[in-house]
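Sequence lines, in order, name chains A and B.
At position 106 of the first sequence the residue is numbered 1010 (my numbering), and the sequence of numbers has no breaks.
At position 182 of the second sequence the residue is numbered 189 (my numbering), and the sequence of numbers has no breaks.
To start, the structure itself, in structure tokens.
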Amino acid sequence: MTHAGEAIRSTDEIAFGAVRLEELVDRAALTEMLESFHALFEVPIRVFSAEGKLLAEVAPPLEMYTYLGHFRPAREAVQQVVQAVKHRSLEAGGEAAERCVTGARYRVLSITYDSRELGRAILGPFVPAELAQPPEALAALDPGLDPVELARLFAAMPHARDERIAAAARHLLRTLDLILFSGHKALLTSNMHLASVRESYRELEDKNAKLQEAFDRLKELDRLKSNFLATVSHELRTPLTSIIGYSEMLYEGIAGEMPNEQREFVGTIREKGEQLLELIKGLLDLSKLESGTMSLTKANLDVGPIVADVAQTLTPTARKKGVSLAVSVDEALPRLWADAARLRQVLLNLTENAIKFTPAGGVVTLSARVTLMSAARGDDDGGGMVLLQSRRPAIELRVADTGIGIPPEERGRVFDAFYQVDSSSTREAGGTGLGLSIVKRLVEGHDGTVSITDNQPRGAVFVVSIPCRRATIS
Amino acid sequence: MQLDFAARELTIKLVYYGPALSGKTSNLQALHRLADPGSTGRLMTLETRDDRTLFFDLLPLTFKSAGGLSIRLKVFTVPGQVIHASTRRLVLQGADGVAFIADSRATETDHNAESFMDLKENLKAHGLSLRQMPLVIQFNKRDLSGIRSDEEIAGLAAQGREPTYLAIATRGQGVVETFIGLLHLTYGALDAEHDLGKKFGFDADELLAQVARGLGSERLVAELLAACVGGALDVLRPEVSS
């Protein structure tokens, strides 16, 4: 809850925090404002913080004070006045006047905001307009003071009428109040922005933690599901093997000849049993692949014969459907470090699929060529080729059909287990929806990728890229 | 709440909560209009371009007792719109008391309930429960048509815990009553918990009377408090742990 704690601090500041003059006004800008004030009213002006620190002043040196500075008693008297002015106690919002030995006056103003004194403004020294001469007491401070000089310097001091200075003081306080209010508002707004951002961040972190937890639980469930599938598939296989075995024996007449009709029924039992076995094997493969317990027996092998073998195996199926099966294998393909049986399974599955989804009169093309492995993912748009293309050669196996094709938005999902683009096609075309997910995992088991692109003018191409071993490059 | 013994100052935070456009800001504007200039500063509104409250409105009220004690009341509104959830939670932090401003129109009943549940949730996020929070409810906009009847509200309020007030905030009606009710409960709860009366020399009755006067009300505090149409004005006491 550290974040919430910080947020509390910032909102407490908003509710209760005492603001400081130096936080709300910019000193340079304040000086500029005072300069303009001075230009209007021609009276020296200084602004102090609540602690008595000078924040801004516009007070050109007065010759009178330079002169008095040469005489110790006069200097001390002036300093006394300055101290009195600075430390004069004031009611919040109040003001006071202070007289100087020179006859000049100071006006001390309390800068109050939200019922608190944030600082003071001091106007002066200025000589009240009605005063024509310096007070006699001034010359009496020190015998060395020259009355003629004093009179001259007195005349050079800023003169102003008291009412005018009072009006100026009101104007100054009004202006400062506006600045303080605006500054305070801006300060609160930025504090709130910060606090909101922090709070939103904290909320997001909470949500993320919950999502992560849910994700971990799902992952664990998924693992359990795979384990379960593996166990069940394994257990299902054993009795099924017996069922198939016995029905095969019956079919072969080992237990005596059967009438044709019975034999036909037993044949169906065997056939369906084998279909079931294939399905169970698929499930077992998938769960092994998911749990990472599938062991691949890799060896250096030539791809050409495997492609040819797959084509040969499926030629009858294709012919039955009226689909022609073409093979194109480049010469001098590098050898591949792969599991021959699994690679065959991949090709067989993709080609079987392609035939299944190609209407009569269509063509399924199996091809193999050498290419360079790209670091780009399957959904890449082909940009940055110069950066993404690796120097590692790969073998690209393509299975192209002229069927209905696969819409781009479905291409990622067809590799999910049990997924079918159109569930109605299952009834029509058969299949469990396991094949492609097994293909993907097997290809990934070979550090390869599988993706789908369009076939022109119609149909889909499944592209399997499997990198050659680094050792085979040189 | 914040106590500054040196400056003899007590600062209390009050929050006006409620659904969007129920009149929380109108309540503050009315209080600002009614308050004598010496007691209040500017009403600070942090609003969006369309005049809706973005973060909050803040009305500072300061009252000085005869004994030189200052009571500073910081009255906040929360932004009612649903999207400002985290801002509402932030503004609610450290609140000493809450006035819930409901819209009297029958069609707004669900919004009122949702906002109230939101208040409850946000209090929970700060480790507080409704029971621990001094709370008054105001049914605002009594001048509109399609509102729930006085009898209906009074009937429901009588069964509830929270003092309930009727108001037309834009005309200033019921605004001071709601505020005094809230301050009565809030100050009472703070006093019960921190013993302000003894330690600090505050007098609750005097404070309420002074605030009522400062808000331009000629009526007695008891009359203002009695304007509530239901609920209990009993002050919350901290639970004594056994």
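Cβ coordinates follow ideal geometry from the N, Cα and C atoms, glycine included.
Just so it is clear, the structure is predicted and the values come from calculations on it, not from any experiment.
Query: Cutoff 7 Å: B/Gly75 Cβ touching any chain A Cβ; Result: no
Query: Proximal residues of chain A, C-beta to C-beta of B/Phe186 below 8 Å; Result: Chain A residues near B/Phe186: none, gap ~17 Å exceeds 8 Å.
Query: Close Cβ partners of A/Thr1255 (< 7 Å) along its chain, the five nearest in sequence each way excluded; Result: Val1214, Leu1218, Val1268, Leu1270 and Val1303
Query: B/Ala113 versus B/Arg155 - alpha carbon distance; Result: 5 Å
Query: Whole-Å CB distance - A/Ser1100 paired with B/Ser93, under 8 Å assumed; Result: 6 Å
Query: Span of the alpha helix (DSSP H), counted from its first residue to its last, around A/Ala1000; Result: Here A/Ala1000 belongs to no alpha helix (DSSP H); instead the beta strand (DSSP E) covers Glu999 to Arg1003.
Query: Through-space distance from A/Gly1363 to A/Asp1243, alpha-carbon basis; Result: 29 Å
Query: Buried or exposed by the 16-neighbour rule on C-beta atoms within 10 Å, applied to A/Ala1113; Result: exposed
Query: Exposure label - A/Gly1157; buried when at least 16 CB within 10 Å; Result: exposed
Query: Where the beta strand (DSSP E) containing B/Thr84 begins and where it ends; Result: Ser77 to Thr84
Query: Rounded C-alpha distance that separates A/Asp1283 from A/Thr1357; Result: Here A/Asp1283 scores only 47 on pLDDT, less than 50, and its place in the model should not be relied on; the value that follows carries that caveat. Distance between the alpha carbons of A/Asp1283 and A/Thr1357 is about 10 Å.
Query: Three-state secondary structure (DSSP) of A/Asn1359; Result: coil
Query: Minimum C-alpha distance to B/Arg95 - residue among B/Ser77, B/His118, B/Lys81 and B/Leu126; Result: B/Leu126
Query: Beta strand (DSSP E) segment containing A/Phe1030, residue limits; Result: Arg1020 to Pro1032
Query: Where B/Thr94 meets chain A, residues with beta-carbon distance less than 9 Å; Result: Met1096, Ala1099, Ser1100 and Glu1103
Query: From B/Phe62, B/Pro67, B/Ser122 and B/Ile175, residue whose alpha carbon lies closest to that of B/Gly45; Result: B/Pro67
Query: Reduced DSSP secondary structure (H/G/I, E/B, other) of A/Ile1148; Result: helix
Query: Partners in chain B for A/Asp1110, counting only beta-carbon separations shorter than 8 Å; Result: Under the 8 Å cutoff, chain B gives no residues; its nearest Cβ is about 10 Å from A/Asp1110.
Query: Entirely enclosed alpha helix (DSSP H) segments - the region 108-176 of chain B, minimum 4 residues; Result: 116-132 and 157-166
Query: B/Gly221 and B/Phe70 closer than 7 Å at C-beta; Result: yes
Query: Neighbouring residues, chain B, relative to A/Glu1107 (Cβ below 8 Å); Result: Ser93
Query: Positions along the region 127-143 of chain B whose CB lies within less than 9 Å of some CB in chain A; Result: Ala132 and His133
Query: Contact the region 1336-1350 of chain A vs the region 1178-1195 of chain A: 3+ CB pairs below 8 Å; Result: yes
Query: Neighbourhood of A/Thr1201 by C-beta, 6 Å cutoff - its chain only, sequence neighbours within 5 removed; Result: Asp1243
Query: Partner residues on chain A for B/Phe62, Cβ-Cβ distance less than 7 Å; Result: Thr1093 and Met1096
Query: Straight-line Cα distance separating A/Tyr971 from A/Pro965; Result: 11 Å
Query: Among A/Gly1266, A/Val1274, A/Ala1245 and A/Leu1252, nearest to A/Asp1234 - alpha-carbon criterion; Result: A/Val1274
Query: Secondary structure of B/Phe12, DSSP reduced to three states; Result: coil
Query: DSSP three-state assignment for B/Leu232, whether helix, strand or coil; Result: helix
Query: Residue-chain proximity (B/Leu97, chain A), Cβ-Cβ < 7 Å; Result: yes
Query: Collapsed DSSP secondary structure at B/Gln180 in the structure displayed; Result: strand
Query: First through last residue of the beta strand (DSSP E) which encompasses A/Leu958; Result: Leu958 to Val962
Query: Through-space distance from A/Arg924 to B/Cys235, alpha-carbon basis; Result: 41 Å
Query: Whole-angstrom distance between B/Thr84 and A/Glu1348, CA atom to CA atom; Result: 59 Å
Query: Reduced DSSP secondary structure (H/G/I, E/B, other) of A/Thr1016; Result: strand
Query: Spatial distance of B/Arg138 from B/Phe207 (CA atoms); Result: 26 Å
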